[in-house]
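Peer 1: One point on numbering: in full-length UniProt numbering, the residue at position 577 of the sequence shown is 577, and numbering is uninterrupted. The structure under discussion is supplied below as structure tokens; questions concerning it will follow.
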Amino acid sequence: MRTIRLTMAQALVRAMAAQKTVVETEDGRASTLPFFGGVWAIFGHGNVAGMGEALYGIRDSLPTFRAHNEQAMAHAAIAYTKALRRRRVMACTSSIGPGALNMVTAAAVAHVNRLPLLLLPGDVFATRRPDPVLQQIEDWQDGTVSANDAFRPVSRYFDRITRAEQIIPAFARAMQVLTDPVECGPVTLGLCQDVQTEAYDFPVSFFDEKIWVPRRPRPDASELASAVSLLREAKRPFIVCGGGTLYAQAEGDLAAFALTHGIPVGETQAGKSALATGHPMNMGAIGVTGTGAANAMAAEADVVLAVGTRLQDFTTGSWALFQGEGRRIIGLNTQPFDAGKHQAQPLVADARAGLGELGAALGPWRADSVWTMRAEREKSTWYETAAAYTDAPAESGNALPSDAQVVGAVQRQAQPSDVVLCAAGGLPGELHKLWQAGAPGGYHMEYGFSCMGYEIAGGLGVKMAQPEREVFVMIGDGSYLMLNSEIATSVMIARKLILVILDNRGFGCINRLQHATGGAGFNNLLQDSRHEVMPEVDFALHARSLGAVTEKVSDLAALSQALVRARASDRTYAVVIDTDPLISTDAGGHWWDVAVPEVSTRSEVQSARADYVAALTRQFVGN
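Structure (structure tokens):
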């Protein structure tokens, strides 16, 4: 057996560079590209000597990018793979201790959203000679514990490399998880810092090029027959389009399936943009932040075909949305866990393969024309309603614009190829209801974990994945203050973003939820928080200090003009506008199960509790 003597870290990065993937382009052609688009690295004592030297030696074939925050660099890696439909991946390496633990939140983001991410945190010394090493977590009851154990519950696969040769089976398993449509998610390999530097005679075959072709599981014949039978008997069928539709590149198949069979479609946060806004059967967003059209049809559906969705509570209205008599769910999903949720008829398959075989088996069958025509009317009515919120002119005087008005202003400046990105706060609800995506992937929302701080780093990841598309990052002041460091990175590596920063002086979304559940304004808006002096944050000046071109605008007309300048800019451009924290789009939407205190001295809470108890009667669980 031919061998080559390398350190464990050198062997790892060389093996990473040898991995390739098949990517299908929009014109249907396939191309072979490196599976790993690069490595994000913040070096510390736990990885600079081992991984640092290894990455330096291979920098021309496996590029390394420097970030300013470990959580942010992992968010960028997540957005990168999401934009590329899980076909390509990035890795992140950090030192031990705080550098590693900063990435745990991002690992949870990847885990919830079923996205591949390779995390390579430094770990303690395997020999334990210098214990306790700087930043080491000590447990006097368990000598094997390290800070990296925090990754276990948010990793699909976890391993700690304590001998150099262990990287061979560990990396093989890691690649299986990263490329598997069922197990897909974050992988954490804790790299003991002494082992990173230890040499071993690695077999040359470990570095052979390997091409990973996306697997497309086909449906079981029995499950397919059951699903076909349910749909043929349906009087009011409805489709829920989840993120798995985009991951499987099945948007064209879904568009044809829905049109051929006359079935209306509602989009989850992750599934939005799979169908063009103008598709006759696209009812838009579904659920808590859904459109009036999608929710009206979903509420009466007797058969729900759930395609590539986790059916989380925002999608199902906390399991109070689907009220159709005799309702049944068909779960079309690669993951059996998701396909069988709520006693669904499982159809375990890739979304594209499943829709193709389901459509072929249904033949010319179509939903009742009365149901299809009603869907078209509901859609038309909704878009008239939505325009009243997005196209409303700015009020005179000192009135601040609503989030919806800002969304409308950005929409009018957007082109079909653009990407709008967001993650948390009130904006996801407004964008889900109101944004009209122009092309697949044009709506990028991290709402599985709804992680504040994802936005700017996520925008950077999308821009790295798709540099030809303009990326609009819409972000509130709360999320901006949590994590904004990668503005500087976007400037440093020339990946231009357009940031629209909406300043409502606090956590406006949770403030509205607090009031809706009977609570008093407390600790959300800055004015309702304990303070001696009200902070006056100059977001434009702050973003400018990180290298962006910035301006603050006073109204919607000025915002539109600023966005024209932002598009023409060759550098990250931030536009700040003050917004009203109390106004949100009150059309559409659905009830959401947010528990209200059973005991309170406040009449507002008592009233909200009574409404809550009444709403619970419409909730169904497991049937």
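For every residue, glycine included, the Cβ atom is placed at its ideal position computed from N, Cα and C.
What ranges does the beta strand (DSSP E) occupy inside the segment 492-527, keeping only unbroken runs of at least 3 residues that lie completely in it?
Peer 2: Counting only runs of 3 or more, we get 498-503.
Peer 1: For M373, count neighbouring Cβ atoms within 10 angstroms of its own Cβ and tell me buried if that reaches 16, exposed if not.
Peer 2: Exposed, because fewer than 16 other Cβ atoms sit within 10 Å of the Cβ of M373.
Peer 1: Tell me where the alpha helix (DSSP H) around M73 begins and ends.
Peer 2: Note, M73: alpha helix (DSSP H), 70-83.
Peer 1: Going by the beta-carbon positions, is the gap between P186 and L120 smaller than 9 Å?
Peer 2: Contact flag unset, no.
Peer 1: Given this structure, state the Cα-to-Cα distance separating T268 from W212, to the nearest angstrom.
Peer 2: Each residue's alpha carbon lies about 29 Å from the other.
Peer 1: Looking only at its own chain, which residues have a Cβ that is under 6 Å from the Cβ of F43, when we skip the five neighbours before and after it?
Peer 2: Excluding sequence neighbours, F43 sits near G52.
Peer 1: Looking at C-beta atoms only, is the number of pairs between the segment 423-435 and the segment 33-50 that lie closer than 8 Å three or more?
Peer 2: Short answer: they don't touch.
Peer 1: Quick check on DSSP: helix, strand or coil for H432?
Peer 2: Helix, per DSSP.
Peer 1: Over the uninterrupted beta strand (DSSP E) stretch that includes V473, give me the two end residues.
Peer 2: 471-476 is the span of the beta strand (DSSP E), which, as asked, contains V473.
Peer 1: Hey, T579 and L502 are a contact pair by Cβ (cut 8 Å); roughly how many whole angstroms apart?
Peer 2: T579 to L502, Cβ: 5 Å. Contact.
Peer 1: If contacts are defined as beta-carbon pairs under 8 Å, then V240 and T309 qualify, I think. What distance do you get, rounded to the angstrom?
Peer 2: Confirmed, about 5 Å.
Peer 1: Below 6 Å CB to CB, which residues in the same chain sit around S490 once its five sequence neighbours on both sides are set aside?
Peer 2: If we look at S490 and ignore the five residues flanking it on each side, its Cβ neighbours are L460, L497, T572.
Peer 1: Measure the beta-carbon distance from T197 to A9 and round it to whole angstroms, keeping in mind my assumption that it falls under 8 Å.
Peer 2: Contact flag correct, Cβ pair sits at about 7 Å.
Peer 1: Relative to the alpha-carbon of A548, which residue among A296, F507, L499 has its alpha-carbon at the smallest distance?
Peer 2: Of the listed residues, the one whose Cα sits closest to A548 is L499.
Peer 1: Assign L616 to buried or exposed, taking buried as 16 or more other Cβ atoms, counted over all protein chains shown, within 10 Å of its Cβ.
Peer 2: With fewer than 16 other Cβ atoms within 10 Å, it is exposed.
Peer 1: So what does S94 bridge to, in DSSP terms?
Peer 2: Looking at the DSSP assignment, S94 forms a beta bridge with P121.
Peer 1: With C-beta atoms as the reference, is H405 less than 9 Å away from A394?
Peer 2: Note that residue 405 is Gln in the sequence shown, not His. It is a contact, given that the beta carbons lie within the stated cut-off.
Peer 1: Smallest Cα separation from G438: which of P416, G448, C451, K272?
Peer 2: Looking at the Cα atoms, P416 is the closest of the given residues.
Peer 1: For a quick check, are the C-beta atoms of I167 and L189 less than 9 Å apart?
Peer 2: Cβ distance < 9 Å, so I167 and L189 count as in contact.
Peer 1: Is it right to say Y56 is buried, meaning 16 or more other beta carbons lie within 10 angstroms of its own, or is it exposed?
Peer 2: Exposed.
Peer 1: Assuming contact is defined by CB atoms lying nearer than 9 Å, are G424 and A234 in contact in what I supplied?
Peer 2: It is worth fixing the name first, because residue 424 is Ala in this sequence and not Gly. Taking 9 Å as the Cβ cut-off, A424 and A234 do not qualify as a contacting pair.
Peer 1: On the three-state DSSP scale, how would you describe T127?
Peer 2: Residue state, collapsed to three classes: coil.
Peer 1: For V154, does the count of other Cβ atoms within 10 angstroms reach 16, so buried, or fall short, so exposed?
Peer 2: Buried, by the Cβ-count rule.
Peer 1: Helix, strand or coil, according to DSSP, for D555 in the structure here?
Peer 2: Reduced to three states, the DSSP call for D555 is coil.
Peer 1: At which residues does the beta strand (DSSP E) containing W40 begin and terminate?
Peer 2: Its beta strand (DSSP E) spans residues 36-41.
Peer 1: By the DSSP assignment, the alpha helix (DSSP H) with F589 in it spans what residues?
Peer 2: First, the amino acid is wrong: residue 589 is Gly here, not Phe. Run containing G589: none; DSSP gives neither H nor E here.
Peer 1: Which whole-angstrom value describes the C-beta separation of E183 and P440, a residue pair presumed to lie in contact below a C-beta threshold of 8 Å?
Peer 2: Their Cβ separation, rounded to whole angstroms, is 25 Å, which puts E183 and P440 out of contact at 8 Å.
Peer 1: Less than 9 Å separating the beta-carbons of H590 and G287?
Peer 2: Their beta carbons are under 9 Å apart, which means H590 touches G287 by this criterion.
Peer 1: Looking at I78 and D123, is the spacing between their C-beta atoms short of 9 Å?
Peer 2: Cβ atoms of D123 and I78: not closer than 9 Å.
Peer 1: State the Cα-Cα distance for the pair A574 and N484, rounded to the nearest angstrom.
Peer 2: Cα-Cα distance, rounded: 12 Å.
Peer 1: From G244 to T127, what distance separates their C-alpha atoms?
Peer 2: In a straight line, the C-alpha of G244 is about 44 Å away from that of T127.
Peer 1: Which residue from G448, A170, A361, I475 puts its Cα closest to that of D403?
Peer 2: Nearest option by C-alpha distance: I475.
Peer 1: How many whole angstroms separate the CB atoms of L101 and A147, which I take to be in contact at a CB cut-off of 8 Å?
Peer 2: With a Cβ gap of about 6 Å, L101 and A147 count as contacting.
Peer 1: Please report the residue range of the beta strand (DSSP E) in which I58 lies.
Peer 2: Unbroken run through I58: none, as it is neither H nor E.
Peer 1: From the DSSP output, which residues share a beta bridge with E267?
Peer 2: C241, A285.
Peer 1: Whose CA, out of R156, D149, A54, lies closest to the CA of R173?
Peer 2: When only C-alpha atoms are compared, the closest one is R156.
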